[in-house]
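The structure under discussion appears below in the form of structure tokens.
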Amino acid sequence: MKKLLQTTGIALAFGLCFSLSTQAQSSAKAATSKKPAAKALAAPQQQGEMDMSQMKTYYMALLKKGPYQPTDTAEINSIQRGHMAHIQKMAADGKLVMAGPFLDNGDLRGVFIFDVASLEEAKALTEADPAVKAGKLIMELHPWMSQRGTKLP
-11 MKKLLQTTGI ALAFGLCFSL STQAQSSAKA ATSKKPAAKA LAAPQQQGEM
39 DMSQMKTYYM ALLKKGPYQP TDTAEINSIQ RGHMAHIQKM AADGKLVMAG
89 PFLDNGDLRG VFIFDVASLE EAKALTEADP AVKAGKLIME LHPWMSQRGT
139 KLP
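Note that this note's numbering numbers the sequence shown so that position 4 is -8, with each residue one more than the last.
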């Protein structure tokens, strides 16, 4: 069951990426059709081929249930407040572009998507999270690619 939930979470994240990428590609095609000179300079692509110049590497953190699960309500609330403050700071600094919890209460707890220069920088940001420091969450980091300018509706 644990493996199924992990696989489902990863599949959902990649499905979201594909859906958003397809949506952004449609928008990008519409934008480039307005500029015929730019289109003439671009290398011809076959239908279904992705323009890699439109892709960007992000870093995705899968937040997983950690080994320490406090039972004291005050401690749980304190860790969560710190976790949320850390998320808000990373977003305000322009380092975190998307974050959110999974809603099925499984071992996969949520996701962070970082727009940073390296995997090491993303790792440092996750290690600074109070929920990670406490052992309530562990992070699994992966380089992840998506269409530039992709955003949720």
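A virtual CB, placed ideally from N, CA and C, is assigned to each residue, including glycine.
Under the three-state DSSP convention, the category residue i falls into
i: T114; result: helix
i: Q135; result: strand
i: E128; result: strand
i: L8; result: Bear in mind that the predicted position of L8 carries a pLDDT of just 37, short of 50, making it unreliable; the figure below should be weighed with that in mind. In this structure, L8 counts as helix in the three-state DSSP scheme.
i: A122; result: helix
i: L51; result: strand
Inter-residue spacing [alpha-carbon to alpha-carbon] between residue i and residue j
i: W132; j: S66; result: 31 Å
i: L91; j: K53; result: 13 Å
i: A142; j: I101; result: The requested residue 142 does not occur in the structure, where the chain is confined to residues -11 to 141.
i: G151; j: R136; result: Outside the displayed span of the chain (-11 to 141) sits residue 151, for which this structure offers no information.
i: P58; j: L125; result: 11 Å
i: M43; j: G82; result: 19 Å
Residue i, enclosing beta strand (DSSP E) - first and last residue
i: T61; result: It is not in any beta strand (DSSP E) - T61 instead sits in the alpha helix (DSSP H) that spans T61 to A80.
i: L96; result: L96 to F102
i: P89; result: L84 to P89
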